[in-house]
Amino acid sequence: TRAAVPGATSYKWNFGDGANATTQNATHSFANPGSYTISLSASNSCGATYEFSVPINVPYYNALNSTPATAFQQVMVFSASAIYFLGTNGKLYKTDTAGNWSPPINLPSGLAFNADTKLYKDLNNNLWIYGKKEVAKLNSNGTSWTSFFSATGLRNNVTINSMAVDNSSDLWTIGDGDLRKNKASITSSATFSSLAYASATGRIWLTASNTNSLYYVNVSGAQINTVNTSGITNGSDDIRLNSSGEIFAT
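In our numbering, the protein residues as written are 4 to 253.
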């Protein structure tokens, strides 16, 4: 690589896939994914030349064909052959990386679908849906649901804001700020907003909308433990765990 050449009059691009260009601001679309090295040689009328090269990675993707005529509010990926999209029209759709779409899947009849309706994937790769007046698991036939709302003991009009299923198949929910393990309410002065299950440590991690702390409960008990943190201000609405066990709260 050399310093830039002023007043360049000729350009030679090599895109690394056999394609070339001679315009100043060349563009190129790659037909296949992979690693490529793009090179540019620019010369001026005095014969000075500027040479530059940079490696790039072109990611693999397939366009999803014949997508349903709806917007989507969430996607949940299980495998290349099982990708679920929750439509804003109140339907669930299954597709694969080849773009083969299932017919619309009706949501549970007890669910009052709205923008707060969410999908959840448990450790056994079961798909759940939760929201206002419902928490339900998709049955193995892929079209019907089993409701677990009565297992929470929550009032009929409550919106479930977050959920998890632990290794013992206990159902953890937050409904209008109330934390429950199955039907048992775990009381606290915190108004809980979101939860996430850390299977490696057997903990349910929690955020609250009215405090700047994190909390956790061991799944074998019911005691709420507080973790003070300086990274949260004005409460937190969402908590996520990555595969390494790192916690992210927003």
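Note that the Cβ used here is the ideal one computed from N, Cα and C, for glycine as well. On a predicted model such as this, the values are computed, not experimentally measured, just so you know.
For residue i, the three-state DSSP class (helix, strand or coil)
i: F152; result: helix
i: T236; result: coil
i: L110; result: coil
i: S223; result: coil
i: A211; result: strand
i: T162; result: strand
i: T204; result: coil
i: G10; result: coil
Own chain residues within Cβ distance below 7 Å of residue i, not counting five before or after
i: Y133; result: K121, Y123, I163, M166
i: D173; result: K184, N185, V222
Beta-carbon spacing of residue i, residue j below 7 Å
i: T40; j: G21; result: no
i: A83; j: T100; result: yes
i: N17; j: S42; result: yes
i: L198; j: G178; result: no
i: N185; j: R206; result: no
i: A203; j: G248; result: yes
i: T155; j: T176; result: yes
i: G10; j: N47; result: yes
Distance between residue j and residue i (C-alpha atoms, nearest Å)
i: T52; j: P36; result: 31 Å
i: F251; j: W208; result: 11 Å
i: Y218; j: T210; result: 6 Å
i: T98; j: G180; result: 34 Å
i: S239; j: T229; result: 14 Å
i: T4; j: S44; result: Interpretation of T4 is limited by its pLDDT of 36, a score under 50 that renders its predicted location unreliable; the figure taken from the coordinates is listed afterwards. Answer to the nearest angstrom: the Cα atoms are 10 Å apart.
i: Y200; j: L244; result: 8 Å
i: S188; j: H31; result: 59 Å
i: N142; j: F116; result: 19 Å
i: N258; j: D169; result: In this structure the chain extends from 4 to 253, so residue 258 is not present and cannot be described.
i: N160; j: S105; result: 31 Å
i: I235; j: L126; result: 28 Å
i: S171; j: I242; result: 22 Å
i: A225; j: L95; result: 35 Å
i: S13; j: C49; result: 11 Å
i: K15; j: Y63; result: 27 Å
6 Å CB neighbourhood of residue i in its chain, flanking five on each side removed
i: A74; result: T91
i: V80; result: I86
i: A118; result: none
Same chain, Cβ closer than 8 Å to residue i, five either side skipped, listed in chain order
i: A139; result: P111, G113, L114, W131, I132, Y133, W148, T149, S150, F151, F152
i: S260; result: This structure gives no information on residue 260, because the portion of the chain shown stretches from 4 to 253.
Those residues which DSSP pairs with residue i across a bridge
i: E54; result: S44
i: F251; result: R243
i: G37; result: V61
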